[in-house]
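Presented below is the structure to which this report refers.
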Amino acid sequence: MSFGKMPIANGFLTSDQIQNEYFFELAPAFCSYCGMFQLIEQPEQQKMFHENYAFFSSTSNYMQAHFKQFSEMVIKCVLADRQEPFVVELGSNDGIMLRNFKDAGIRHLGIEPSINVANVARLAGIKTLSEFFNVELADRIVGENGQADTILCANVMCHIPDLNSIAKGIKRLLKPDGMLMFEDPYLGDMIAKTSYDQIYDEHVFIFSATSVSWAFAQHGLELIDVLPQITHGGSMRYVLAPKNAQPVSSNVDELMQKEQKQGLHKTETYDQFRHKCETSRTSLIELLDSLKQKGQRVVGYGATSKSTTVNNYCDIGPEHIEFISDTTPIKQGKLTPGAHIPVKPYEAFKHNPPEYVLLYAWNHAVEILEKEKNFTVGGGKWITFVPRVEVFT
Ligand code: TYD
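Following the working numbering, the numbering of the sequence shown begins with 184 at its first residue and continues without gaps.
Given below as structure tokens:
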């Protein structure tokens, strides 16, 4: 299916950059042979991850707590009785996860090609290399530090188009009794919730247990456990180890059976998904058009990467959304990719609340609705589009 021409999801820009804005065709496809759901075309990595990368992981308190728990589990369950353990994280961003290992005095190394976010981590004393991970880098790390006891990766594995090179590098970097743990948005949730906004340039893959198991098995890595997560609107944590090195949890088989029941292996499931996306698009744009006609003010909440797909696919622009409120300084004062809706600091929303808020950051709904109780109590209305377009108060 195609979502049409799309800009870089995190390519927030100034008005003088509009002329040179880059677009590509956002077209995911499903492979009925290996079960992979992936983009056909992805922009070059350097166009997405660079010194002006706009996504800072630590903007959400909830995510900070999530990665603290993740790290504590790794320290307790994987590293506890190991001598001088060594942890590597791929795509360590501003250090949201590794800071917990640093604080516990554990040897660690983050790999983060986006220099600006990596610098935040370095300033906090977290060892970070600004490079793209591949087999050569894996060998260099092993030469300098030895193999890793665990390799972690959160919302990053699905970003890397050359999964085979990554898997090869991981196999080299991981100790024979080591574990790879990564989490990413889960295909089963995306299909169940019609959360098509998970599909954007950075998310080259939307994984399932079936596709992960298949892809990594080619490189001698076995899926030994799967743990559902509520982050990013429905994610899965995958645990892998060198083949036959660790017992395989019954969770793996159970989830694969569930995926079969959900029809994730059938092309018809994706035809239905496409149909639901089209229905969602029509409902959302009709709602926003009618609010515009009634002269109601609508503001967006959270200039997420996901919002780029929603805005461009549904043809939403500044005529519908006055501005999007976002707490990330690098996004503020800029225009959203493709749709060119102004992004303003949170205070713009707080000091002049609109009648309606389009909750682009629906994955942070619990945290945001708690924070914005006064807006809701004061009669403010929320618009969501996942799992369906609706207004709630
Ligand atoms: P997020 O949903 O984490 O991810 P993605 O970019 O992967 O789609 O992005 C959340 C965005 O929302 C981020 O730019 C910060 C912003 N935000 C706020 O402005 N206020 C908040 O209270 C929260 C939780 C996030």
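Each residue gets a CB set at the ideal place from its N, CA and C atoms; glycine is no exception.
No experiment lies behind these values; they were computed from the predicted model shown.
When distances are taken from the beta-carbon of I513 to the heavy atoms of the ligand TYD, even the shortest one reaches 7 Å or more.
Under the three-state reduction of DSSP output, I507 falls in the strand class. A check of alpha carbon separations from L541 across Y484, K354, F532 identifies Y484 as the nearest. Set against 7 Å, the gap from the CB of S348 to the closest heavy atom of the ligand TYD is not smaller.
The secondary-structure analysis by DSSP pairs Q412 across a beta bridge with S418.
Where Y484 is concerned, the enclosing beta strand (DSSP E) starts and stops at 481–484. The way I'd put it, the stretch 349–356 does touch the stretch 320–331; three or more beta-carbon pairs between them come closer than 8 Å.
For M373, the secondary structure class from DSSP, reduced to helix, strand or coil, is helix.
P528 and C214 have their C-alpha atoms spaced approximately 42 Å apart.
If you ignore the 5 residues before and after I309, its C-beta comes within less than 8 Å of the C-beta of S275, G278, L281, R282, K285, H291, G293, all in its own chain and listed in chain order. For I258, no alpha helix (DSSP H) run applies, since DSSP gives it neither H nor E. Distance from the CA atom of Q455 to the CA atom of L209, rounded to whole angstroms, is 18 Å.
Around the beta carbon of K514, 16 or more other beta carbons lie within 10 angstroms, which makes this residue buried.
Judged by DSSP secondary structure, V435 falls within the alpha helix (DSSP H) whose first and last residues are 433–445. Between the alpha carbons of K351 and D498 lies a gap of roughly 41 Å.
If only uninterrupted alpha helix (DSSP H) runs of at least 4 residues are considered, those enclosed by the stretch 373–400 are 392–400. In terms of side-chain proximity, the C-beta atom of H249 is found no nearer than 7 Å to any non-hydrogen atom of the ligand TYD. Distance from P211 to I343 at the Cβ level is roughly 16 Å; contact not present, criterion being Cβ atoms closer than 8 Å. In this structure, DSSP gives A212 an extended state, which the three-state scheme calls strand. In the DSSP assignment, no residue is bridged to V560. A distance of 8 Å or more separates the beta carbons of K489 and D360. S394 and M219 have their alpha carbons spaced roughly 5 Å apart.
As DSSP reads the structure, V526 sits in a beta bridge with I507. Residue pairing of T311 in beta bridges, as defined by DSSP: G293. For the 8 Å CB-CB criterion, E295 and L335 do not form a contact. Around G403, the same chain offers K354, P425, K426 as residues with beta carbons nearer than 7 Å, after the five sequence neighbours per side are excluded. With fewer than 16 other Cβ atoms inside 10 Å of its own Cβ, H458 counts as exposed.
With respect to A522, N495 sits close: the two C-beta atoms are nearer than 8 Å.
In this structure, the C-beta of A522 stays at least 7 Å away from each heavy atom of the ligand TYD. Linking H534 to G563 through their CA atoms gives a straight-line distance of about 13 Å. Note that the stretch 223–241 does not touch the stretch 254–268; fewer than 3 beta-carbon pairs, one per stretch, sit closer than 8 Å.
Between P537 and V482, the C-beta spacing is below 8 Å. When the beta-carbon positions are compared, V435 and M419 stay at least 8 Å from each other. Proximity of the beta carbon of Y496 to the ligand TYD is not indicated: no heavy atom of the ligand is located closer than 7 Å. In the three-state scheme derived from DSSP, where H, G and I count as helix and E and B as strand, A331 is classed as strand. Partner residues in the beta bridge of E272, as assigned by DSSP, are G293, L335.
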